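Written as structure tokens, this is what we have:
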């Protein structure tokens, strides 16, 4: 089972307010679909691209 979640569009204020749980995450990045798919397994990339379409 896989879930695809749509978080909507973040404003600059939303991005500035992001706080990462230090025990879970050390950083985040915003990537376009191509760059994101290059970091994913092929099946996950297909699911992500289908969700974007």
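In our numbering, the protein residues as written are 524 to 576. Built from N, CA and C at the ideal position, the CB exists for glycine as well. Keep in mind it's a predicted model, so treat the numbers as computed, not measured.
- So the alpha helix (DSSP H) residue 558 belongs to, where does it begin and stop? That run of the alpha helix (DSSP H) goes 556–561.
- Extent of the continuous alpha helix (DSSP H) to which residue 567 belongs: Residue 567 -> alpha helix (DSSP H) spans 565–575.
- Item | Contact under 8 Å by Cβ, residue 527 with residue 574 | Pairing residue 527 with residue 574 gives a Cβ-Cβ distance under 8 Å.
- Put residue 537 into one of helix, strand or coil per three-state DSSP. helix
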